[in-house]
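Colleague: Supplied in C-alpha cells, the structure appears directly below.
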Amino acid sequence: MKAYEVGAQKGLESLRLLDRPAPTAGPGQALVRIKANSLNYRDVMVLNGWYGPARPETLIPLSDGAGEVVAVGDGVTRVKPGDRVAISFFSRWVDGPWGPQYFGSDLGGGADGTLAEMGAFPADALVKLPDAWTFEEGACLPCAGVTAWNAIVEAGKAKAGDTVLLLGTGGVSIFGVQIAKAMGLKSIITSSSEAKLARAKTLGADTGVNYKTNAAWPKAVLEASGGKGAAVIVETAGPGNLENSFAAAAFNGFIALIGGFDQAKGPINTMGLVGKNLSLRGITVGSRKMMEDLLAAMVKSNQKPVIDKVVDFKEAGAAYTHMQGQTHLSKIVIKH
C-alpha cells in the first residue's frame, strides 16, 4: 500500500510517500480502507519536530481519517465490512475521564496515523457515519470537532443562552460556532479578516470581532454579551493571549486552553483569573463517545463540517502548505 511517513521531521521536505506492507486486522481490530483525511495544526507541529520528542521516522502522520471497513479481526461485532466510519483521535479512549492509560494511542503522534491507503485500528475506535455524510466530511470530526465539543459541552458545561467565545477561524473555532448553534448558545468569534468574520456569521456566529482593527477587542466581547462576558472561552490562541481571555470572560466563567504550546512558558498575570473566579482547564481532544455525541448533535441540527480546501492524496504536501499559510477557514481535507 501507499503511505506517508514523517521522516526526519524537519519540515515539509521530510514528508515522504512510499510503499509499505498492507496491515491486517488482528483480534479486536478492523481494517479500514482510508478514503479521506483532514489536517490539524498539530500535524504541522509533528512534521516540523515541534510536538514533544522526536517521533520514529517511519511514523505515519495525521490523526484524522475516515474510510470503509474491509475486514475485521476475531471478536469484532460493532462494525462489519462495508461500514463507513471515522476513526477516533485516541484509539483506546472510548468513554470516561482522561487518564494516562490512553497515552501513546494518539494517531499520528504516539501511534501510526491515517495518511495511508489502509490502516488497522481497534474496532472500538470507530464511529459509523450517516449515509448522507461524505468521507471528507467524516474525516473532519476526530480532532478539531471533538476538541470543540469537549471544551464547550463536556468540560465547559455550557447551557442554552450562554455566550461562547471562539478565537480565530480554524477548525476548532468553526466547529465551536456550529456546536453553539446546535446547543442554543450565543457565539462570538474573532478574526483579523472581515471576510472570514462574514463567512463565520453565515455559519451561525452571532457576532464577529476584528482583533486587528480593534485592539480593545475584549471590551467588544463584553459589549456583545450585554456586559456579562463569555461564559465559555475556547482559547486556541495560546497562553500568550490568556490575559485577554480573562478580560473577556464572564464572572465564574470557564476557559478551555487548547494549543499554543510554543508559548507554554510565558509569564501570565493571573489577577483576572482570580478576580473573576474563573476556571482554566487544558483540553486533550476527547473520547469516542464525545465524537458520537458531536455527530448526533450535528445531524440533529442539520449541519455538516465546513471544508475550506480539498487536495489529492498524492499531493498531501499541498495541504500542509495551505495549513501553514493560515489563510484557511475551518478544515483542509485530503481525498484518496
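In numbering that gives the first Met the number 0, the protein residues as written are 0 to 335. Quick reminder that beta carbons are idealized off the backbone N, C-alpha and C, glycines included. Source: prediction; values computed, not measured.
Residue 274: buried (16+ other C-beta within 10 angstroms of its C-beta) or exposed?
Modeller: Burial call: exposed.
Colleague: Taking one C-beta from the region 213 to 222 and one from the region 137 to 153 each time, how about it: are there three or more such pairs within less than 8 Å?
Modeller: no
Colleague: Between which residues of its own chain and residue 265 is the CB-CB distance below 7 Å, once the five residues before and five after are set aside?
Modeller: Hits under 7 Å: 238 and 239.
Colleague: Which runs of the alpha helix (DSSP H) at least 4 residues long sit entirely within the region 95 to 145? Give them in chain order.
Modeller: Segments of the alpha helix (DSSP H) lying fully in the region 95 to 145: 134 to 137.
Colleague: Beta-carbon within less than 7 Å of residue 60's beta-carbon, same chain only, minus the 5 sequence neighbours each way: which residues are those?
Modeller: 3, 5, 42, 45, 46, 107, 112 and 114
Colleague: Which ranges would you report for the alpha helix (DSSP H) in the region 155 to 224 if only whole runs of at least 4 residues count?
Modeller: 170 to 182, 193 to 201 and 216 to 223
Colleague: Specify whether the region 116 to 135 and the region 19 to 36 touch according to this definition: at least 3 beta carbon pairs, one from each stretch, less than 8 Å apart.
Modeller: The answer is yes - the region 19 to 36 touches the region 116 to 135, with three or more Cβ pairs under 8 Å.
Colleague: Would you kindly report the start and end of the unbroken alpha helix (DSSP H) that includes residue 323?
Modeller: First-last of the alpha helix (DSSP H) with residue 323: 315 to 324.
Colleague: Tell me whether residue 253 is buried or exposed, calling it buried when 16 or more other Cβ atoms sit within 10 Å of its Cβ.
Modeller: buried
Colleague: Can you tell me which of the three DSSP states residue 41 falls into?
Modeller: Helix.
Colleague: Counting Cβ pairs, one atom from each stretch, are 3 or more of them under 8 Å apart for the region 136 to 146 and the region 296 to 314?
Modeller: yes
Colleague: Leaving out the 5 sequence neighbours to the left and right, which residues in its chain are closer than 6 Å to residue 329 when beta-carbon positions are compared?
Modeller: Taken in chain order, the residues that qualify are 170, 173, 305 and 307.
Colleague: Are residue 66 and residue 134 close, meaning C-beta to C-beta below 9 Å?
Modeller: yes
Colleague: In angstroms with no decimal places, state the Cα-to-Cα distance between residue 1 and residue 286.
Modeller: In this structure, the CA atom of residue 1 is about 29 Å from the CA atom of residue 286.
Colleague: So the beta strand (DSSP E) residue 271 belongs to, where does it begin and stop?
Modeller: Segment 270 to 274 is the alpha helix (DSSP H) holding residue 271; no beta strand (DSSP E) there.
Colleague: Could you check where the beta strand (DSSP E) with residue 279 kicks off and where it finishes?
Modeller: 278 to 281
Colleague: In whole angstroms, give me the CA-to-CA distance for residue 194 and residue 64.
Modeller: Near 29 Å, if we compare the C-alpha coordinates of residue 64 and residue 194.
Colleague: Do you know how far the Cα of residue 311 is from the Cα of residue 78?
Modeller: Rounded to the nearest whole angstrom, the CA to CA distance from residue 78 to residue 311 is 27 Å.
Colleague: Would you tell me roughly how many angstroms separate the C-alpha atoms of residue 200 and residue 132, rounded to the nearest one?
Modeller: 23 Å
Colleague: Please state whether the Cβ-Cβ distance between residue 71 and residue 24 is less than 9 Å.
Modeller: yes
Colleague: Jot down the residue ranges of each uninterrupted beta strand (DSSP E) in the region 21 to 72, minimum 3 residues, whole runs only, in chain order.
Modeller: 28 to 37 and 63 to 71
Colleague: If we count Cβ pairs, one from each stretch, closer than 8 Å, do we get three or more for the region 79 to 96 versus the region 281 to 298?
Modeller: yes
Colleague: In the structure shown, what three-state DSSP assignment does residue 252 receive?
Modeller: strand
Colleague: If contacts are defined as beta-carbon pairs under 8 Å, then residue 163 and residue 229 qualify, I think. What distance do you get, rounded to the angstrom?
Modeller: Cβ-Cβ separation between residue 163 and residue 229: approximately 6 Å, consistent with a contact (criterion under 8 Å).
Colleague: Taking the alpha-carbon positions, what's the residue 81 to residue 69 distance?
Modeller: If you draw a straight line from the Cα of residue 81 to the Cα of residue 69, it comes to about 6 Å.
Colleague: Helix, strand or coil for residue 284? Go by DSSP, reduced to three states.
Modeller: coil
Colleague: Where does residue 82 fall in DSSP's three states?
Modeller: Note: residue 82 maps to coil in three-state DSSP.
Colleague: In this structure, does DSSP put residue 257 in helix, strand or coil?
Modeller: coil
Colleague: Looking at C-alpha atoms only, which residue of 267, 258, 235 and 224 is the closest neighbour of residue 248?
Modeller: 224
Colleague: Got a sec: does the ligand FAD put a non-hydrogen atom nearer than 8 Å to the Cβ of residue 60?
Modeller: For the ligand FAD, the structure offers nothing, since it holds no ligand at all.
Colleague: Could you name the residues that DSSP lists as bridge partners for residue 89?
Modeller: 105
Colleague: Could you tell me which residues DSSP pairs with residue 15 in its beta bridges?
Modeller: Residue pairing by DSSP places residue 15 opposite 4 in a beta bridge.
Colleague: Name the two residues that bound the continuous alpha helix (DSSP H) containing residue 230.
Modeller: Per DSSP, residue 230 belongs to no alpha helix (DSSP H); it is in the beta strand (DSSP E), 229 to 234.
Colleague: Note down, in chain order, each residue of its chain lying with its Cβ closer than 7 Å to the Cβ of residue 217, except the 5 sequence neighbours on either side.
Modeller: The beta carbon of residue 217 sits closer than 7 Å to those of 243, 246 and 247, all from its chain and outside the five residues before and after it, given in chain order.
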